[in-house]
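So the structure is just underneath, and the comments pick up after that.
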Amino acid sequence: MSKDDGKQQDQKVISKMFKRSWFLFSSFNMVKMQGYGYEYAMLPAIDEFYKDDPEGKRAAIERHSSFFNCTYETAPFIMGLNAAMEKENSQNPDFDPDSINAIKAALMGPLSGIGDSIFWGTLRLIAAGIGIPLAMKGNILGPILFLIIYHIPSIFTRYKLLQIGYTSGEKFISSAFNSGLFELITNCATIVGLIMVGAMTASSVTIKTALKWNMAGTTLKLQSILNSIMPGLLPLLLTLAILVLLRKKVKVIYLLFGVIILGIIGAFLGIF
Amino acid sequence: MFLKALEIAILYYVIVWLSNMAGVFHFNRPIIVGPLVGLILGDLHTGIILGATFESVFLGVIAVGGAVPADATIGSLMGTAIAILTHISGAKALAVAVPVSAVGVILMQITYAYMPLLLPKMDQLAKKGDEKGVVKYNFIMSALFPLLNTVIIFFSIFLGVNAVGNLLKIIPKFVQDGFTAAGAMLPAVGFAMLLNMLFKGKLVSYFFLGFALVVYLKLPNLAVAIIAIVLAITIYNTTAKNSNPVAENGNNQGKKKTEEEEFLS
């Protein structure tokens, strides 16, 4: 087989796997999580590399039916890397097939950490931060932009990571781990995420108190006093108070209903 | 009402299948669900606005580690549908969306309980190396996932919308005002959850930077996002340069090799 043929074969496998990587969550359940969705994405590689080896193919199918859970956008990197390892395994009798699942298990955690902070903690917030104000005014561009802003980087990342994983996976990981690149990327994404959460706390959480007193002939409005101390002080305090409760392991559903009850009692007493 | 209930139920099925199974991620978020319900019920404008309202409430209420704190999809779908069908206000729609999202969590747990029932069969197929069977059962499972909620949504709209609508019409004014106030405060729960997820000792101060940019400089979210990204790129570049002087240098191949082996072992 010439080198060009090999490249063409690789490209074919990558594009088939990319199409199937969309279905990572297809059979999501609490036991194997994305396990079978992952296997579905791996099957084109298994088909290709174990064409003439039915026992190898059977073992590979069984191998990839194990537990898997990783952020949707970063999981294709592991798929690509695993595909390259399956190729090696099919050609090299000395290759230890256990390392395929070992690397899968080892990478799920770190890649979820990066993926969650970039995509769930950052990109989704930016997309929503742009989409919500538009949609609040009844503009259909709000929801459309929300999807576009999220999906273009998401699709690009999945394709690119699949390719990197397949072609230069192991080298990439070892150098990324050695140079602390993973942690740095996670930290930078976290910084953007935190700034966005701060901004959206200020713009989306609104509490205005209607309390006022008559003192020596003038009306004293509590809200204007608070505003002169710091605008948005009440939303900030509420958010931080809920954070403290969350860290004390209070259930989210109680917090949601707690805020509603707070609103109703506040409205009843004339505070809001 | 039969036809509308059927349409909404089918819409739910398609949304959940596309977003949870077929990777059209976030298609099940309130900001998308609201307009789609509006489109089906002939009031797109209300749908968009209610979708945005519910999105800000549920934006930060996300599943971390498999535990679902509130089902934003079913909550916003029912809230929007009932609001449009019975002509109630946004604050009252919130009074539907939040409790329904809580019930949605219970339904999701039932779904999570029956989903693994097919796993022994799938494992058996995988063991035999039956590729076609594995793929087939993978998609059978994906088809089963939204089914329970779809059926329940159909019956709740078919049988219950008018009752809920009438109930909501008689709630006293201060309760309605309370819901309006709560609606503006609820995003705090979500943002606190995000803060908790992103919580890293040294970095938390950046939260206050974002807050100050909006409160004092009145910047729109897009401007804050641009500033934040530029800041992150600057930090990335300076840190990468300082901590990793030999990264570009290919002379330490031998060292790399051993560390790679360490990692793989």
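Taken in sequence, the protein lines are chains B and W.
For reference, each letter of the first sequence is one residue, going 226 to 497 in my numbering.
For reference, each letter of the second sequence is one residue, going 7 to 271 in my numbering.
Cβ atoms here follow ideal geometry from the backbone N, Cα and C, with glycine treated the same way.
| Asked | Found |
| --- | --- |
| The region 141-151 of chain W in contact with the region 243-256 of chain B per 3-pair CB rule at 8 Å | yes |
| Neighbour-count burial assignment, W:L9, 16 or more Cβ in a 10 Å radius | exposed |
| Given B:C413 as reference, the closest of W:L113, W:V67, W:I233 and W:F31 once Cα atoms are compared | W:I233 |
| Contacts that W:F185 makes with chain B (C-beta to C-beta distance below 9 Å) | I485, G488, I489 and A492 |
| Identity of the residues DSSP links to B:K437 by a beta bridge | B:K446 |
| For W:N168 and B:V477, the rounded distance between their alpha carbons | 30 Å |
| Between the CA atoms of W:T186 and B:F482 - distance to the nearest angstrom | 14 Å |
| Reduced DSSP secondary structure (H/G/I, E/B, other) of B:L317 | Here residue 317 of chain B is Asn; the residue named in the question, Leu, does not match the sequence. In the structure shown, B:N317 sits in coil (DSSP, three-state: anything other than H, G, I, E or B). |
| Three CB pairs or more closer than 8 Å across the region 402-421 of chain B and the region 331-347 of chain B | yes |
| Proximity test, Cβ basis, 8 Å: B:C295 and chain W | no |
| Contacting positions in the region 339-355 of chain B - beta carbon closer than 9 Å to chain W | D341, S342, F344, W345, G346, T347, R349, L350, I351, A352, A353, G354 and I355 |
| Burial state of B:S246, where buried means 16 or more other Cβ atoms lie within 10 Å | buried |
| Bridge-paired residues (DSSP) for B:N254 | B:M258 |
| Pairwise C-alpha distance: B:N307 and W:N243 | 31 Å |
| Which of helix, strand or coil DSSP assigns to B:F497 | coil |
| Strand pairing of B:F292, partner residues [DSSP] | DSSP lists no partner for B:F292. |
| Interfacial residues, the region 240-256 of chain B to chain W, with Cβ spacing under 7 Å | W247, F248, L249, F250, S251, S252, F253, N254, M255 and V256 |
| Integer-rounded CB distance, given that B:P301 should sit under 8 Å from B:L386 | 5 Å |
| Closer than 8 Å to chain W by CB, B:K473 | no |
| Beta-carbon neighbours of W:H93, restricted to chain B and to distances below 9 Å | The premise fails here: W:H93 is roughly 17 Å from chain B at the closest Cβ pair, so nothing lies under 9 Å. |
| Chain B contacts made by the region 190-205 of chain W, where a contact means CB separation under 7 Å | A190, M191, L192, P193, A194, V195, F197, A198, M199, L200, L201, N202, M203 and L204 |
| Pair within 8 Å by beta-carbon distance, W:V39 and W:I14 | no |
| W:Y120 (DSSP reduced to helix, strand or coil) | helix |
| Close-in-space but distant-in-sequence residues of the same chain around W:V230 (CB under 7 Å, 5 per side omitted) | G216, L219 and V220 |
| Residue from B:V422, B:N326 and B:F248 whose Cα sits closest to the Cα of B:I351 | B:V422 |
| Cβ-based burial, B:L419 [other Cβ within 10 Å; buried from 16] | buried |
| 8 Å Cβ cutoff, W:Y118 in contact with chain B | yes |
| Cutoff 8 Å: W:K133 Cβ touching any chain C Cβ | Any reference to chain C falls outside this structure, whose protein chains are B and W. |
| Interface residues of the region 233-250 of chain W facing chain B [CB-CB below 8 Å] | I233, A234, I235, L237, A238, I239, I241, Y242, T245, A246, S249 and N250 |
| Same chain, Cβ closer than 7 Å to B:N326, five either side skipped, listed in chain order | R288 and S291 |
| Outcome for B:D277 when other beta-carbon atoms lying within 10 angstroms are tallied against a minimum of 16 | exposed |
| Chain B within 8 Å of W:L155, Cβ atoms only | For the record, residue 155 of chain W in the displayed sequence is Asn; it is not Leu. Taking Cβ atoms only, chain B never reaches closer than 8 Å to W:N155, which makes this a no. |
| Chain W contact residues for B:Y265, given Cβ-Cβ distances below 8 Å | V140, V141 and N144 |
| When W:I158, W:L201 and W:L209 are compared against W:A238, the one with the closest alpha-carbon | W:L209 |
| For W:I159 and W:I37, believed in contact at Cβ under 8 Å, the rounded distance | W:I37 to W:I159, Cβ: 19 Å. No contact. |
| The region 407-423 of chain B: positions lying closer than 8 Å to chain W by Cβ | L409, I410, N412, C413, A414, T415, I416, V417, G418, L419, I420, M421, V422 and G423 |
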